[in-house]
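These notes concern the structure reproduced below.
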């Protein structure tokens, strides 16, 4: 149990700046009280999540949503709050020029504009001390014949190579994939295999990020995790949930057993290190922002604790003996264990309240920001 507590104590989960802003669906964005109006206030809210969970010390930025005049000052502000800047996320999907794609667009001018933005994000990494650039492309086509599928892969490879060459010592980029949306016929990076192939060709500074909401129904995500870990190409996770086709619901909400299985493969494959980034990628549409992030961190923590409880010696023995039911029972015994008392005890040992949700609710922080953050423009998908 001491080893399990040590592993849980060392776990790090990164929260996204955009989770603290207003968000919604394509139908409606619902505004809430106390929502941050700038990146500085987003960092203040993220610091609350870390204060009550103890394992969320970094915050991912999204450019240009989190654009400021002085990124070094923003990084200092984060440190003053007890957190740090994490991954820098690019945005090449919210400009009219990108209607037909960004780095895969048939027009060289648009491709240049998109690639220049990615290079700007590396500059921001330098200024903030971030070591990770996260790339997601909405690029794709809606109709057969709309564009040349192979040519788009060539354009993608060319842009990725230029960004890769710009990375400094100790920096990397993570290439994300998504099955569909907003492109509905062919997405240029639709799956882990496409992302993996590009990353292998580029080299060790290019790795794949697995977004748990970006797969076809029934996809065995833990197999993907196991494979990428085996090849040294799993760079991180974007944790969230989806019930049908969209994602961004709280991680563990749709299928907590799947999250447990994923975390088991991470631990079994040696991915429970600083090399694999555990990041949340969520938009809280109707639930309050900070509690939504606290609950999400706790969900990952609970799945991790259960995965750490798996008796790997017993599991290996059952597998070697061909004991199908016995092997499955070892996993199920760990999954069915109530780890909440263990985590409450661990938090108290860390000097934290045993129930982060209740402690935050009693803190008065929400009432404070609701009163103070009046006027100005609330942060959302466009800022």
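Numbering (my numbering), first residue to last: 3 to 385. Ideal placement from N, C-alpha and C gives every residue a C-beta, glycine not left out.
Distance between beta carbons of residue j and residue i, contact taken as under 8 angstroms
i	j	result
residue 2	residue 304	No statement about residue 2 is possible, as the shown extent of the chain runs from 3 to 385 and does not include it.
residue 177	residue 192	Actually they do not touch by this definition, with Cβ atoms about 12 angstroms apart.
residue 254	residue 301	3 angstroms
residue 158	residue 200	7 angstroms
residue 129	residue 42	That belief does not hold up - the Cβ atoms of residue 129 and residue 42 are roughly 15 angstroms apart, past 8 angstroms.
residue 25	residue 379	Actually they are not in contact, since the Cβ atoms of residue 25 and residue 379 sit about 15 angstroms apart, beyond 8 angstroms.
residue 232	residue 271	7 angstroms
residue 359	residue 297	6 angstroms
residue 11	residue 348	7 angstroms
residue 295	residue 51	5 angstroms
residue 310	residue 269	6 angstroms
Coarse secondary structure for residue i, derived from DSSP in three states
i	result
residue 301	helix
residue 70	coil
residue 352	coil
residue 136	strand
residue 183	coil
residue 358	helix
residue 92	coil
residue 366	coil
residue 16	strand
residue 82	helix
residue 31	strand
residue 217	coil
residue 243	strand
residue 64	strand
residue 37	coil
residue 1	A question about residue 1 goes unanswered here, because the residues of the chain that appear run from 3 up to 385.
residue 281	strand
residue 165	helix
residue 105	coil
residue 208	strand
residue 375	coil
residue 339	coil
residue 170	coil
residue 225	helix
residue 87	strand
residue 142	strand
residue 274	coil
residue 58	coil
residue 294	helix
Spatial distance of residue i from residue j (CA atoms)
i	j	result
residue 329	residue 257	21 angstroms
residue 185	residue 141	7 angstroms
residue 202	residue 373	51 angstroms
residue 215	residue 251	9 angstroms
residue 64	residue 29	22 angstroms
residue 20	residue 282	10 angstroms
residue 293	residue 83	18 angstroms
residue 343	residue 265	20 angstroms
residue 226	residue 239	12 angstroms
residue 132	residue 333	37 angstroms
residue 363	residue 61	22 angstroms
residue 138	residue 315	39 angstroms
residue 260	residue 337	10 angstroms
residue 135	residue 289	28 angstroms
residue 204	residue 168	12 angstroms
residue 391	residue 85	For the chain, the structure presents residues 3 to 385; residue 391 sits outside this window and is missing.
residue 6	residue 163	40 angstroms
residue 31	residue 99	24 angstroms
residue 375	residue 368	10 angstroms
residue 175	residue 221	25 angstroms
residue 217	residue 40	32 angstroms
residue 229	residue 179	16 angstroms
residue 143	residue 109	14 angstroms
residue 122	residue 145	32 angstroms
residue 206	residue 153	25 angstroms
Short Cβ contact (9 angstroms threshold) for residue i with residue j
i	j	result
residue 212	residue 194	yes
residue 46	residue 38	yes
residue 155	residue 187	no
residue 275	residue 308	no
residue 291	residue 23	yes
residue 237	residue 209	yes
residue 104	residue 113	yes
residue 393	residue 44	Nothing can be reported for residue 393, as the shown portion of the chain is limited to 3 through 385.
residue 306	residue 9	yes
residue 118	residue 183	no
Between the stretch 7 to 25 and the stretch 273 to 291, do three or more beta carbon pairs fall short of 8 angstroms? yes
inquiry  = Would the stretch 316 to 335 count as touching the stretch 49 to 58 if we require 3 or more Cβ pairs under 8 angstroms?
reply    = no
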